[in-house]
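Okay, so here's the structure we're looking at.
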Amino acid sequence: SQKIEQNSEALNIQEGKTATLTCNYTNYSPAYLQWYRQDPGRGPVFLLLIRENEKEKRKERLKVTFDTTLKQSLFHITASQPADSATYLCALNQAGTALIFGKGTTLSVSS
Amino acid sequence: NAGVMQNPRHLVRRRGQEARLRCSPMKGHSHVYWYRQLPEEGLKFMVYLQKENIIDESGMPKERFSAEFPKEGPSILRIQQVVRGDSAAYFCASSPPGQPQETQYFGPGTRLLVL
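Here is the structure:
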């Protein structure tokens, strides 16, 4: 069956460290993979999109990698800050139009 | 440029009543998607619409749920005869013309509570 797994429900790190979140999928062949941020009581906010033919993408302190052989994406936040505390969602699209979301990883950055 | 707007933000209904959730996409966006987020669950796709057309409703429950996106006005997700299991956050997202599968912009959600 098709699965998307974000293999940490929660991640706690200290301010200034790099947070690394993982997204694995099975039985999909996505054209692209996206990462969203969701704060409590709010809708998801788009962060980064990476295509299947791209290995890595960066935006300010964020970096995403996409390994279609391993069927895995890594999402990094460098120099993390307490304001980065939120739930991070990975999402794939397959042929068709729907985004398929993982359950998310809740990141807590302590000062 | 206002973002995706949803109303109401919170909705309380008793079992058997109808719930109507509204979504106004971002200006210039012609694709609308509805997702449901149950407690402790991920976002689940329900339906994808363009103006006056349902493109993909593979995630919609077969009964009691319907959606529309008329030529004028917001998109509506309608739940008839609500049950307690319908309690969830319902999110609407929109995307620009020509990019239906890429970035989607989400609204703040409607939190439905069925008593």
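Residue numbers (the numbering used here), protein chains in the order written: chain A, -9 to 101; chain B, 2 to 116. Beta carbons are placed, not taken as given, at the ideal position from N, Cα and C, and that holds for glycine.
Proximal residues to residue i (C-beta, below 7 Å), its chain only, five neighbours per side dropped
i: Glu(-1)/A; result: Thr95 and Thr96
i: Phe92/B; result: Tyr36, Gln38, Leu44, Phe107, Gly108 and Gly110
i: Gln4/A; result: Ser100
i: Gly133/B; result: Absent from the structure is residue 133/B, since the part of chain B shown begins at 2 and ends at 116.
i: Glu44/A; result: Phe56
i: Tyr22/A; result: Leu39, Ile40, Arg41, Glu42 and Asn83
Same chain only: Cβ atoms within 8 Å of residue i, ignoring 5 sequence neighbours per side
i: Thr8/A; result: His66, Ile67, Thr68, Ala69 and Ser70
i: Leu89/A; result: Gln24, Ala81, Leu82 and Asn83
i: Pro72/A; result: Glu5, Val99, Ser100 and Ser101
C-beta contact flag for residue i and residue j at 9 Å
i: Pro109/B; j: Gly29/B; result: no
i: Ala89/B; j: Gln105/B; result: no
i: Glu42/A; j: Val54/A; result: no
i: Pro26/B; j: His32/B; result: yes
i: Glu69/B; j: Leu50/B; result: yes
i: Leu12/B; j: Arg85/B; result: no
i: Lys93/A; j: Glu58/B; result: no
Residues of its chain near residue i, where Cβ-Cβ distance is below 6 Å and the 5 sequence neighbours each way are ignored
i: Thr16/A; result: Lys(-7)
i: Phe66/B; result: Ile80
i: Lys49/A; result: Leu38
i: Asn2/A; result: Ser98
i: Asn8/B; result: Arg23
Nearest neighbour of residue i, chosen from the options [CA to CA]
i: Ser161/A; options: Leu64/A, Ser98/A and Asp57/A; result: This structure leaves residue 161/A out entirely; chain A is present only between -9 and 101.
i: Glu53/B; options: Pro40/B, Lys63/B, Arg14/B and Ile77/B; result: Ile77/B
i: Thr59/A; options: Gly31/A, Asn2/A, Asn14/A and Asn(-3)/A; result: Asn14/A
i: Thr12/A; options: Lys93/A, Phe91/A and Gln62/A; result: Gln62/A
i: Arg51/A; options: Asp74/A, Phe91/A, Leu1/A and Val35/A; result: Asp74/A
i: Leu116/B; options: Ala3/B, Leu12/B and Arg16/B; result: Arg16/B
i: Glu64/B; options: Glu103/B, Glu19/B and Tyr34/B; result: Glu19/B
Chain A contact for residue i (CB, 9 Å cutoff)
i: Phe92/B; result: yes
i: Gly29/B; result: no
i: Gly60/B; result: yes
i: Gly74/B; result: no
i: Glu103/B; result: yes
Rounded distance between the beta-carbons of residue j and residue i, thought under 8 Å
i: Val83/B; j: Arg10/B; result: Not quite, the Cβ-Cβ distance comes to about 17 Å (not below 8 Å), so this is no contact.
i: Cys24/B; j: Pro71/B; result: Cys24/B to Pro71/B, Cβ: 12 Å. No contact.
i: Thr10/A; j: Leu79/A; result: Between Leu79/A and Thr10/A the Cβ distance is about 16 Å, and since that is not below 8 Å, they are no contact.
Any chain B beta carbon closer than 9 Å to residue i
i: Pro34/A; result: yes
i: Ile40/A; result: no
i: Lys102/A; result: Lying outside -9 to 101, the shown extent of chain A, residue 102/A is not represented and no answer is given.
i: Lys49/A; result: no
i: Thr55/A; result: no
i: Gln24/A; result: yes
Test: residue i CB closer than 9 Å to a CB of chain C
i: Leu44/B; result: The question asks about chain C, but that chain is absent: this structure's protein chains are A and B.
The ligand ATP heavy atom lying under 8 Å from the CB of residue i
i: Leu97/A; result: Within the structure as shown, the ligand ATP is missing, as the structure has no ligands at all.
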